[in-house]
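Residue numbers (my numbering): 541 to 826. Beta carbons are placed, not taken as given, at the ideal position from N, Cα and C, and that holds for glycine. Just so it is clear, the structure is predicted and the values come from calculations on it, not from any experiment.
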Amino acid sequence: MLRNIVMEAPAKVNLTLDVKGKRADGYHELETCMHQIDLLDRVHITEASRITVQSNSSSVPDDESNLAYRAARALLEKCGLRTGVRIFIEKNIPVGAGLAGGSTDAAAVLEGVNDLLGLGLDRFELLEIGATLGSDVPFCLQGGTALARGRGEKLTPLPGGPRINMVLIKPPFQLSTARVYAGLDLNSIIERPDNRAFVAAWERSDLKSMAVNMINVLETVSVARFPEIAEIKNCLIRKGALHSVMSGSGPSVIGLFEPGPAAARAAQKVKERYQEVYLVSSYLRE
Ligand code: C5P
Numbered sequence: 541m542l543r544n545i546v547m548e549a550p551a552k553v554n555l556t557l558d559v560k561g562k563r564a565d566g567y568h569e570l571e572t573c574m575h576q577i578d579l580l581d582r583v584h585i586t587e588a589s590r591i592t593v594q595s596n597s598s599s600v601p602d603d604e605s606n607l608a609y610r611a612a613r614a615l616l617e618k619c620g621l622r623t624g625v626r627i628f629i630e631k632n633i634p635v636g637a638g639l640a641g642g643s644t645d646a647a648a649v650l651e652g653v654n655d656l657l658g659l660g661l662d663r664f665e666l667l668e669i670g671a672t673l674g675s676d677v678p679f680c681l682q683g684g685t686a687l688a689r690g691r692g693e694k695l696t697p698l699p700g701g702p703r704i705n706m707v708l709i710k711p712p713f714q715l716s717t718a719r720v721y722a723g724l725d726l727n728s729i730i731e732r733p734d735n736r737a738f739v740a741a742w743e744r745s746d747l748k749s750m751a752v753n754m755i756n757v758l759e760t761v762s763v764a765r766f767p768e769i770a771e772i773k774n775c776l777i778r779k780g781a782l783h784s785v786m787s788g789s790g791p792s793v794i795g796l797f798e799p800g801p802a803a804a805r806a807a808q809k810v811k812e813r814y815q816e817v818y819l820v821s822s823y824l825r826e
């Protein structure tokens, strides 16, 4: 019997996102609170003689351009192995949506292949490979909630905090992360999140004070291109969200709700208007 493993790969949302400046290497210096949610892909990994990637979704590439493929290759090369793995991605996370769908699959491959083949790499080594694959991969490996700096790879874990209820709406278009960052004019940013205040509120599970700082400066780019993003935010607030913010480089938008039935009720209502609506909570690792 060939050995196999199934990994949960949770999506991430950015509860805050500030850009501090542009770096010499072309990337942007970030300060962002990242949070895993219970919208999951499942990544099936089986021993094989070469690396292959397949998915139930036609939006997922089945070649070397897939970050999960590159994750397997980087890991096996680091260990000097010529074997492969068969990867099957059961896709639930919308693609090109600001939810780190590709990065979380790649993180699941790093962790899963390391376990499956008994490669024995430690967390630090996996994080190092993850950072070479993409800015969000280290967070996806670490999981939970964290304040991320640098390109997104310098992580300060934020353990504790509340389990939060959110409604997530994915508008019917995709945004390219690189294009959103390229369109950012740092001088035109008027409103920024106060991440210190956000983290303090997070640590006291004070949802109302968290809501005040749920701000994403990348909205200055994406809302200008797609005003619908602002309409979705307003719609979630009208339906009872404490606040609403775009995740990452967009276009997904989340609304934060008080505990109880408010989020489920709002999700029902916004489904009349938007097609891709998800009722989500914080991801808790089993
Ligand atoms: O790291 P990743 O490949 O996910 O980033 C995609 C693109 O987003 C980069 O090529 C870069 O243009 C932009 N980016 C950035 N600053 C970051 C993260 C991403 O400018 N901190």
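Option in the options with minimal Cα separation from residue i
| i | options | result |
| --- | --- | --- |
| tyrosine 828 | Leu776, Arg744 and Ser821 | The question about residue 828 has no answer, for the chain in this structure spans 541 to 826. |
| glycine 800 | Asn774, Ser787, Arg732 and Val707 | Val707 |
| alanine 803 | Ser784, Gly790, Ser789 and Gly658 | Ser784 |
| glycine 723 | Ala764, Gly701 and Phe664 | Ala764 |
| threonine 685 | Arg543, Asp655, Gly566 and Val739 | Val739 |
| arginine 582 | Glu569, Leu621, Ala646 and Ser605 | Ala646 |
| isoleucine 772 | Ala807, Pro678, Val757 and Val600 | Ala807 |
| leucine 555 | Arg825, Glu816, Val817 and Gly795 | Gly795 |
| aspartate 734 | Leu557, Ile577 and Val653 | Leu557 |
| serine 597 | Leu687, Gly642, Ser789 and His568 | Gly642 |
| arginine 778 | Met786, Ser787 and Phe797 | Phe797 |
| valine 653 | Gly700, Ala611 and Gln682 | Ala611 |
| arginine 736 | Asp725, Ser749 and Ile730 | Ser749 |
| leucine 673 | Arg613, Lys710, Asp578 and Met547 | Arg613 |
| leucine 659 | Arg703, Glu630 and Glu587 | Glu587 |
| arginine 543 | Pro712, Ser589, Thr644 and Ser789 | Ser589 |
| serine 789 | Ala564, Met574 and Met541 | Met574 |
| phenylalanine 766 | Ser745, Ala718 and Pro711 | Pro711 |
| isoleucine 585 | Ala564, Ala751, Tyr609 and Gly700 | Tyr609 |
| lysine 618 | Glu668, Arg732 and Val810 | Glu668 |
| glycine 561 | Ile629, Asp725, Lys631 and Val600 | Asp725 |
Sheet register partners of residue i (DSSP bridge)
| i | result |
| --- | --- |
| serine 855 | No answer is possible for residue 855: the residues shown for the chain start at 541 and end at 826. |
| phenylalanine 797 | Asn705 |
| glutamate 571 | Asp558 and Arg689 |
| alanine 784 | Before going further, note that residue 784 is serine rather than alanine in the sequence given. According to DSSP, which records beta bridges pairwise, serine 784 is partnered with Gly795. |
| glutamate 630 | Arg582 |
| proline 550 | Leu580 |
| leucine 715 | Per DSSP, none; premise fails for leucine 715. |
| tyrosine 818 | Leu708 |
| threonine 592 | Arg626 |
| threonine 696 | Leu687 |
| asparagine 756 | Leu557 |
| glutamate 587 | Val625 |
| asparagine 544 | Thr586 |
For residue j and residue i, believed in contact at Cβ under 8 Å, the rounded distance
| i | j | result |
| --- | --- | --- |
| leucine 695 | leucine 650 | About 15 Å separates the two Cβ atoms, so there is no contact after all. |
| isoleucine 633 | alanine 551 | 4 Å |
| glycine 683 | valine 677 | About 12 Å; that fails the 8 Å criterion. |
| arginine 689 | glutamate 571 | 6 Å |
| glycine 636 | leucine 715 | 7 Å |
| valine 793 | isoleucine 709 | 5 Å |
| proline 791 | glycine 638 | 7 Å |
| aspartate 578 | serine 787 | Incorrect: roughly 15 Å between the Cβ atoms, too far for contact. |
| aspartate 603 | serine 595 | Not quite, the Cβ-Cβ distance comes to about 12 Å (not below 8 Å), so this is no contact. |
| leucine 666 | leucine 681 | 6 Å |
| aspartate 780 | serine 745 | First, the residue type needs correcting, since residue 780 is glycine and not aspartate in the sequence shown. The Cβ separation is near 19 Å, so there is no contact. |
Neighbour flag for residue i against chain D, beta carbons, 8 Å
| i | result |
| --- | --- |
| proline 697 | No chain D is present in this structure, which holds just one protein chain. |
Check: residue i C-beta below 7 Å from any heavy atom of ligand 3
| i | result |
| --- | --- |
| tyrosine 609 | This structure lacks ligand 3; the ligands present are ligand 1. |
For this session: List in chain order the residues whose CB is within less than 6 Å of at least one heavy atom of ligand 1.
Result: Those residues whose C-beta sits under 6 Å from the nearest heavy atom of ligand 1 are, from N- to C-terminal order along the chain, Tyr567, His568, Leu570, Gly674, Ser675, Asp676, Arg691, Gly692, Thr717, Ala718 and Tyr721.
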